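Visitor: Position in the sequence shown (from 1) plus 279 gives the number in the numbering used here.
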Amino acid sequence: MNVVETKHLMKIYGEGDNRLYAVNDVNLTIKQREFVTIVGTSGSGKSSLLNLIGGLDRPTSGEIKISGRELTTMSEEELTIFRRRSVGFVFQSFNLVPILNVYENIVLPVQLDGNQVDEGFVAEIINVLGLKGKEYQLPSQLSGGQQQRVAIARALASKPAIILADEPTGNLDSRSSQDVLGLLKKTTKKFNQTLIMITHNDQIAQMADRVIRIEDGKLSEIAITGGDWS
Ligand code: ADP
Ligand code: MG
């Protein structure tokens with residue numbers, strides 16, 4: 280099943296002579312359980328593309344279907360609900376709420392959506408991500424790697440179809456990076472999710488089932504690294 284399907288996707292910033300094609304005619308298909316990395320130099324359009332896929336931003340033209348649902352025709356309200364239920368975001372800056380403890384941060388999106396927290400599932404996530412015993416600590420009491428693991432747990436808690444990660448290890452040392460990436464890969468496979476991750480580290484990119492290169496907003500090359508994504 281295709282979880283992501285874009286057709287002639289365009290994001291243009293500015294007008295007239297200042298038009299900048301951040302995403303330029305992107306046709307992309309990503310399957311369920313696939314782990315895809317997006318690589319490219321700074322300013323090549325990686326974040327713009329990811330933000331369109333996650334419904335954080337609207338395209339100038341083109342189509343985006345996520346799990347069969349077209350995003351471009353949704354109202355703002357529908358898009359907000361879509362983001363909360365179908366997408367988990369992990370950013371470079373962990374974006375945790377400083378006055379909430381680890382557990383409260385993890386369940387916040389589920390509660391915002393007015394849903395009952397699946398305590399068994401949250402306990403499992405906390406366990407898999409090595410956060411057991413840290414539930415009542417505040418983000419400021421944790422290391423960077425631990426904070427990013429909380430952000431991953433938060434992204435997983437609502438059981439979204441897709442996890443989108445924008446340079447999730449950009450603020451971490453190489454040891455914590457390995458740790459966080461390994462856990463991201465393991466948890467998304469375990470929970471049958473599609474993982475789309477931006478990186479500019481080629482070595483990290485090779486951990487994926489497929490590497491997509493973007494240059495001046497265009498997908499210039501798609502390399503299959505041979506991972507399993509059946
Ligand atoms: P990347 O994530 O690969 O570094 P981005 O998607 O952030 O690249 O940006 C792609 C291009 O679009 C860059 O030239 C950037 O300056 C431009 N850009 C991104 N966001 C905006 C914006 N909100 N307004 C104008 N230009 C933007
Ligand atoms: Mg970026």
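Backbone N, C-alpha and C define an ideal beta-carbon position, used for all residues, glycine too. Owing to the predicted nature of the structure, the values given are computational and were not obtained by experimental measurement.
Determine, using beta carbons only, whether Gly-322 and Ile-493 come nearer to each other than 8 Å.
Guide: no
Visitor: Determine contact between the segment 370–378 and the segment 452–464, defined as no fewer than three beta-carbon pairs at a distance below 8 Å.
Guide: no
Visitor: By DSSP's criteria, Met-289 is part of a beta bridge. Which residues make up the other side?
Guide: DSSP, once it has assigned bridges, lists Asn-303 and Ser-340 as partnering Met-289.
Visitor: If we count the other Cβ atoms within 10 Å of its Cβ and call it buried at 16 or more, is Gly-409 buried or exposed?
Guide: Exposed is the call here.
Visitor: Would you say Leu-335 faces chain C, with C-beta separation under 8 Å as the test?
Guide: Chain labels in this structure do not include chain C; a single protein chain is all it has.
Visitor: Give me, in chain order, the residues of the same chain whose beta-carbon lies closer than 8 Å to that of Glu-349; leave out the 5 immediate sequence neighbours on both sides.
Guide: Excluding the 5 residues flanking it on each side, Glu-349 has same chain C-beta neighbours closer than 8 Å at Glu-342 and Ile-343, in chain order.
Visitor: Does the segment 357–377 touch the segment 424–435, meaning 3 or more C-beta pairs lie closer than 8 Å?
Guide: yes
Visitor: Whose C-beta lies closer than 8 Å to the C-beta of Phe-361 among residues of the same chain, with five residues either side of it excluded?
Guide: Gly-334, Ile-345, Arg-348, Leu-350 and Met-353
Visitor: Please list the terminal residues of the continuous beta strand (DSSP E) segment that includes Phe-314.
Guide: 314–318
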